[in-house]
Every structure is written in C-alpha cells, then in structure tokens.
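Following our numbering, the residues of the sequence shown are numbered contiguously, the last one being 1153. Heads up, the beta-carbon is just placed ideally off N, CA and C, and yes, glycines get one too. Note that the structure is predicted; figures quoted are calculated from it, not measured.
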Amino acid sequence: MTAGFDDRQPPVAGPDHDVDQGASGSPSWNTPWPVAGSKSRSTAGLNRKMNLLVNGSVRSVESPPDKPLLWVLREDLGLTGTKYGCGIGRCGSCMVHLDGVAVPSCMLPLAAAEGLAVTTIEGVAAGGRITMVQQAWLDHGVSQCGYCQPGMIMGVLALLGESPRPSAAGAAARLNVLCRCGTYPRVLKALRALLGS
Ligand code: FES
Ligand code: FES
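What follows is the structure in structure tokens.
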C-alpha cells in the first residue's frame, strides 16, 4: 500500500527542507531542495532556449536546464494547476504526464522533458469536455480543499491508460498522492465507479 490509503505520514519538514517563501510569499524553485538525485541546485545561472511540447502545443522557454519542470510550468508558462507540495518526489501533488507516464515534476529537470509530450491538468479536458475521471470525482464529491487533486487526477488518468487496467484497489495501492484533507474514502468510491472493485 502507498501514500494515503494506509497510515503513511506526510513528509516531515526539517532543516534541509524548510521552504523559502520568497518575497512574494510563494515558494520559488530556487529554494534548497535536492533535485533529480542531486544535492544541489547549482545552475551557474545559465539559461538555455528549449522548445517543449506542452498540452499539444510547442512552447518556447529560456531557463536553466536543471530547473525542475514543475517551476517551468508554473513560473515560465503560467500553468499553475500543477501544485507544489513536498519538492522531494513524495506527495504527488506535482504529478504530470510525460509521454503518458505520470511523473513528479518537482524532481524532473527541464532538460529531461525535451522532446517528450508533457501533459498537465490544464491539458486533459479535450474539446472543453472533462475526462471521465474528473466526472467521477464530481459525482462522488471527492475534492475538499482541492490542492492535491490535480496530482491525484493525473495519477488516475495514467493508470486508466494502462493495459490491463488495475482494479480500484490496485489503483488505490499505486496512487502515490498524499491528501492532507483525507479524501481517500471518496477517492476509493470514485475509483470503484471507474474501475470496479
Ligand atoms: S511536490 Fe511533492 S512529489 Fe513533487
Ligand atoms: S483535497 Fe485537500 S489536500 Fe487533498
């Protein structure tokens, strides 16, 4: 079993993981979080121009190649649906799809996304129609504060794309997204409606 459907506790903030809220009051990417296996965020301030395929459109960005994709999406492209939670790949609130696979964008350097299709929560509703996962979430009133829900929905959409599809219990066990509001019972109901038990 994984986060949320067992008794896993939230990541504990410590001296190495305190968030710099910055002058604006919002966390910023250049806080001292370890990224992509590295203990530092040293970028030497070197920007690189890159084209990213995001939600079906080519987007041009100029950023350090090791800047986490999460912050490129939020700060450079204005796609703030993808949320910052732990910054260390454990809470799942920053989940996006990379070529259809759910990945925590807080741990993914920008350069690793080059040439791959990035999908965020803003890009899942085709033609203005919400996905069956979002409809199930509405039907079962899953969301509470909503903060974790983009990551939760991206995780479920990736699982639905698998063949064979997991059962609801299997999906719940693999849905590695932490919900501080404790919406797990409603998540499970919505998963049962989508996947069977
Ligand atoms: S912000 Fe928690 S896994 Fe990325
Ligand atoms: S709905 Fe509030 S953190 Fe999940």
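- Around the CB of Met1051, 16 or more other CB atoms lie within 10 Å, so the residue is classed as buried.
- Shortest gap from the CB of Cys1050 to any heavy atom of ligand 2: 7 Å or more.
- Apart from the 5 residues on each side of it in sequence, Ala1092 sits with its Cβ closer than 6 Å to the Cβ of Ala1146, Ala1149, Leu1150 in its chain, given in chain order.
- With contact defined as three or more Cβ pairs closer than 8 Å, the region 1080-1096 and the region 1055-1068 are not in contact.
- Under the DSSP definition of a beta bridge, Met1006 partners with Val1017.
- By the C-beta criterion, the region 1103-1113 is judged to be in contact with the region 1128-1141, since at least 3 inter-stretch pairs fall below 8 Å.
- Annotation for Pro1106 indicates a beta carbon at 7 Å or more from all heavy atoms of ligand 1.
- By alpha-carbon distance to Tyr1040, the top candidate from Leu1033, Trp1027, Gly1034 is Trp1027.
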